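Note that the protein sequences, when read in sequence, are chains Y and W. So that you can map any letter, position 51 of the first sequence is 161 in the working numbering, and since no number is skipped, the others follow by simple counting. So that you can map any letter, position 58 of the second sequence is 168 in the working numbering, and since no number is skipped, the others follow by simple counting. Structure first, then comments.
There are 2 protein chains.
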Amino acid sequence: MINRDKISDKTIGRLSQYRRFLNLLHENKVKNVFSYQIANSAGVTSPQVRRDVMLLGYNGNPAKGYNVEALMECLAHYLDTPGGEGVVLVGFGNLGRALISYFSKQRPNLSIVAVFDNDPALIGRVIHGVRCCSMEDFASVAQQNNVRVGILAVPADQAQLTADLMVAAGINGILNFALTTLQVPPHVYVERVDITTSVEKVVFFARKIRQERTLP
Amino acid sequence: MINRDKISDKTIGRLSQYRRFLNLLHENKVKNVFSYQIANSAGVTSPQVRRDVMLLGYNGNPAKGYNVEALMECLAHYLDTPGGEGVVLVGFGNLGRALISYFSKQRPNLSIVAVFDNDPALIGRVIHGVRCCSMEDFASVAQQNNVRVGILAVPADQAQLTADLMVAAGINGILNFALTTLQVPPHVYVERVDITTSVEKVVFFARKIRQERTLP
DNA sequence: ATGTTATTGTGAAAAAAATAACAGCGTTAA
DNA sequence: TTAACGCTGTTATTTTTTTCACAATAACAT
Ligand SMILES: NC(=O)c1ccc[n+]([C@@H]2O[C@H](COP(=O)([O-])OP(=O)(O)OC[C@H]3O[C@@H](n4cnc5c(N)ncnc54)[C@H](O)[C@@H]3O)[C@@H](O)[C@H]2O)c1
Ligand SMILES: NC(=O)c1ccc[n+]([C@@H]2O[C@H](COP(=O)([O-])OP(=O)(O)OC[C@H]3O[C@@H](n4cnc5c(N)ncnc54)[C@H](O)[C@@H]3O)[C@@H](O)[C@H]2O)c1
Chain Y
111 MINRDKISDK
121 TIGRLSQYRR
131 FLNLLHENKV
141 KNVFSYQIAN
151 SAGVTSPQVR
161 RDVMLLGYNG
171 NPAKGYNVEA
181 LMECLAHYLD
191 TPGGEGVVLV
201 GFGNLGRALI
211 SYFSKQRPNL
221 SIVAVFDNDP
231 ALIGRVIHGV
241 RCCSMEDFAS
251 VAQQNNVRVG
261 ILAVPADQAQ
271 LTADLMVAAG
281 INGILNFALT
291 TLQVPPHVYV
301 ERVDITTSVE
311 KVVFFARKIR
321 QERTLP
Chain W
111 MINRDKISDK
121 TIGRLSQYRR
131 FLNLLHENKV
141 KNVFSYQIAN
151 SAGVTSPQVR
161 RDVMLLGYNG
171 NPAKGYNVEA
181 LMECLAHYLD
191 TPGGEGVVLV
201 GFGNLGRALI
211 SYFSKQRPNL
221 SIVAVFDNDP
231 ALIGRVIHGV
241 RCCSMEDFAS
251 VAQQNNVRVG
261 ILAVPADQAQ
271 LTADLMVAAG
281 INGILNFALT
291 TLQVPPHVYV
301 ERVDITTSVE
311 KVVFFARKIR
321 QERTLP
């Protein structure tokens, strides 16, 4: 029924976005929603939404649109790990702490189960109920909790080293905030968040728009 | 010579990445670099790099590759605003503070010139030499410093409101960290950083890889 | 001088992604 | 009961993005 093989990176990103809107609708007791409404909320087109939903194998109703609850359930079944996915975070610095606070506000299907740092001064500290552990305990904690996904928030020059540790501990998904392209084996998926690049993109296009408006 | 019209979002992102590697090479006094080396550092293919560089109008040398300094200069001329671009940040919370620390370590061509918050308890506080100002001063500070780009790090329910303020103050590029799709006029470019979606992507593909490895 | 080598620059081909188009279908209201 | 409506599901088309492939070429050794 579901062909997970053919799904792309981008589609998954959009599905995750649609879900946020559905959550909102559900909280407001809205029962049904049309593709164009979802599209609007995510800044995409309605055929795009229908196409994406099609991949899930979920069918809407031509008169009522999609059933909010049913679609949410379908998305959860598709995107989420049954029983929830525990994530570890390495790097208890400025960004690490912000992320802990952020995740503590999210739904519990995604939760940070442990935080690690190699600075002795930080080990043992607790933020939002999460205690910072020593890197020495990384492999054992990760394996005990069956952790598969790690967030990397250490300085760039420590990132590869840390990623190697993660991979050795059985992690096969990394969200990398450090300014490095990690070298990992093919069975590890890496997603990179590069804020400098994001800002440079905004600067570029903002300037471009400005120039187009002043002299055409 | 340069056709800025045809350039895509993705290309700009890659150019920004290439630049990071070039900076590194330059610091290490490396004079020349081949497309495949740049490609390697950014996790893309070498034809991709050559194609992207082609758009800049810069020409390499078949025997020596690209001249590091010349290419850097070309990139700077293309991506950067002459005289540097000042950026403002709204939201002096966990994420805002992490961002200030992050930008204080970056090259000075991109700098945060002012930070704003609406919490009276935060106004006047200084971090990394940047003082938190009241939202009331937003328009005047932004206009005095000729700011065109803003970073949005306020709670989701305040994001649209804040974006409207930014747009009214003449900003036409926004980096949005809040979990909302902003409604802005067409002359404003918005780039969104959505960490929940990023994590969900990693979780999904990590799980997919796992499943493919255990039962193929 | 000249051959050899490895890389660039770029048109052509392929792949991927987005958009358009429309038949088919519940629902609703006459 | 039936016609009108507006949406979905899906195929076809278009557009965008990436990769391939190779002629052209600068450097260097001989
Ligand atoms: N601060 C931001 O907003 C921001 C944004 C995007 C990306 N980043 C990137 O995220 C990373 C962390 O940023 P930050 O601002 O939190 O830096 P930070 O210096 O505040 O924190 C880094 C933390 O990593 C720890 N660390 C260093 N080496 C380690 C190792 N080998 N193993 C385990 N822990 C180690 C340090 O003890 C420190 O606590 C950097 O690569 C930075 O470029 C930061
Ligand atoms: N913390 C993270 O790592 C992280 C990561 C990604 C995205 N985000 C998003 O970024 C935003 C901020 O996150 P945070 O963790 O810093 O939250 P936070 O609650 O720590 O900080 C929010 C700050 O915004 C200020 N604020 C609220 N309303 C305002 C208004 N109308 N005008 C000006 N300032 C206002 C608050 O006073 C507070 O200082 C949220 O939308 C969050 O979802 C956070």
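No residue lacks a Cβ here, since even glycine has one placed at the ideal position from N, Cα and C. Computed from a predicted model, the values in this text were never measured in an experiment.
{"Check": "Going by DSSP, what residue range makes up the beta strand (DSSP E) through VAL223/Y?", "Outcome": "220-227"}
{"Check": "Which of helix, strand or coil does DSSP assign to ILE261/W?", "Outcome": "strand"}
{"Check": "Does DSSP classify ARG241/W as helix, strand or coil?", "Outcome": "strand"}
{"Check": "If you draw a straight line from the alpha carbon of VAL251/W to that of GLY234/W, how long is it in whole angstroms?", "Outcome": "15 Å"}
{"Check": "Between which two residues does the alpha helix (DSSP H) carrying ASN204/Y extend?", "Outcome": "204-214"}
{"Check": "Are the CB atoms of VAL240/Y and LEU220/Y within a distance shorter than 8 Å?", "Outcome": "no"}
{"Check": "Taking buried to mean at least 16 other C-beta atoms within 10 Å of its own C-beta, is LEU325/Y buried or exposed?", "Outcome": "exposed"}
{"Check": "Please classify ASN282/Y as buried or exposed, where buried requires at least 16 neighbouring CB atoms within 10 angstroms.", "Outcome": "buried"}
{"Check": "So what does DSSP say about ASN256/W, is it helix, strand or coil?", "Outcome": "coil"}
{"Check": "Tell me the rounded alpha-carbon separation between ILE305/Y and ALA173/Y.", "Outcome": "43 Å"}
{"Check": "Looking at the structure shown, is ASN169/W part of a helix, part of a strand, or coil, going by DSSP?", "Outcome": "coil"}
{"Check": "Which residue from LEU209/Y, TYR128/Y, SER118/Y puts its Cα closest to that of ALA178/Y?", "Outcome": "Per the sequence shown, residue 178/Y should be read as Val rather than Ala. Ranking LEU209/Y, TYR128/Y, SER118/Y by Cα distance to VAL178/Y puts TYR128/Y first."}
{"Check": "Where do the N-terminal and C-terminal ends of the alpha helix (DSSP H) with VAL328/Y fall, by residue?", "Outcome": "Only positions 111 to 326 of chain Y appear in the structure, and residue 328/Y is not among them; the question remains open."}
{"Check": "The beta strand (DSSP E) spanning ASN286/Y covers which residue range?", "Outcome": "283-286"}
{"Check": "Among the residues of its own chain, which have a CB less than 6 Å from the CB of VAL257/W, if the five just before and after it don't count?", "Outcome": "GLY196, VAL198"}
{"Check": "Rounded to whole angstroms, what is the Cα-Cα separation between ASN327/W and PHE248/W?", "Outcome": "The shown model of chain W, from 111 to 326, leaves out residue 327/W, and the question about it has no answer."}
{"Check": "Should VAL140/W go down as buried or exposed, given a rule of 16 or more other Cβ atoms within 10 Å for buried?", "Outcome": "exposed"}
{"Check": "Using a Cβ cut-off of 8 Å (strictly closer), state whether THR272/W contacts chain Y.", "Outcome": "no"}
{"Check": "Got a sec, what are the start and stop residues for the alpha helix (DSSP H) ARG302/W sits in?", "Outcome": "Per DSSP, ARG302/W belongs to no alpha helix (DSSP H); it is in the beta strand (DSSP E), 299-302."}
{"Check": "Assuming ALA186/W and TYR168/W are in contact, meaning their beta carbons sit under 8 Å apart, how far apart are those beta carbons, in whole angstroms?", "Outcome": "Not a contact, Cβ separation roughly 12 Å."}
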